[in-house]
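Working notes for the structure below.
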Amino acid sequence: MMRQKFKKEEILQILSGIMVFISFFQAWIYDGGLNYFYGPELKRMLIDPPFLINLVYWLLILGAANVFFGWSRKYNPILAGTTAVVVFLFLKTIVDFNSQSEKLSAANGFYMAGVGMIAAVASILVARKERLASNTGTKDVNN
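Under my numbering, the first residue of the sequence shown is numbered 82, with each subsequent residue one higher.
Given below as structure tokens:
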């Protein structure tokens, strides 16, 4: 039995999942010296962490779920949208925190999650475009 090729939105969902999942294990904040702060360390490094810093643990879950649904060829636009929103909120939290000091800067994990968010949004747009194209094609056939 021959498996069919991956659709564009499934490939983008897999890419989004991989980037978001791996970003959890990468450095998110660089303090200008020798210290990089990784996903799980973000909550411990702050005296009074913002509530949204807890979203870091959702990166693992959402990343794995995106890879699973994309690989099993069951594109899930709700999951892609949720991933984009959660990553956006987390990135905004990091930007707000980094703006408190001139020495802090974003590191690899921040950018990887950003690419994952862009891939999630792109998968939604591609799926919508293909759905509109297929609807237009069926209207032409019916007329």
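The beta carbon of each residue, even a glycine, is placed where N, CA and C say it ideally should be.
No experiment lies behind these values; they were computed from the predicted model shown.
- Under a 10 Å Cβ-count criterion, residue 109 is classified as buried, with 16 or more other Cβ atoms of the shown protein chains found around its own Cβ.
- Three or more Cβ pairs drawn from the stretch 139–153 and the stretch 87–95 lie within less than 8 Å of each other, which places the two stretches in contact.
- Taking C-alpha positions only, residue 136 is separated from residue 203 by approximately 22 Å.
- The Cβ atoms of residue 162 and residue 98 do not sit closer than 7 Å to each other.
- When the Cα atoms are used, residue 187 and residue 201 turn out to be separated by approximately 21 Å.
- Per DSSP, reduced to three states, the secondary structure at residue 119 is strand.
- Between residue 168 and residue 146, the gap from beta carbon to beta carbon reaches 7 Å or more.
- With 16 or more other Cβ atoms inside 10 Å of its own Cβ, residue 104 counts as buried.
- Shown here, residue 187 sits in a strand according to DSSP, grouped into three states.
- Around the C-beta of residue 120, 16 or more other C-beta atoms lie within 10 Å, and the residue is accordingly described as buried.
- Remark: C-beta atoms of residue 122 and residue 207 do not approach each other more closely than 7 Å.
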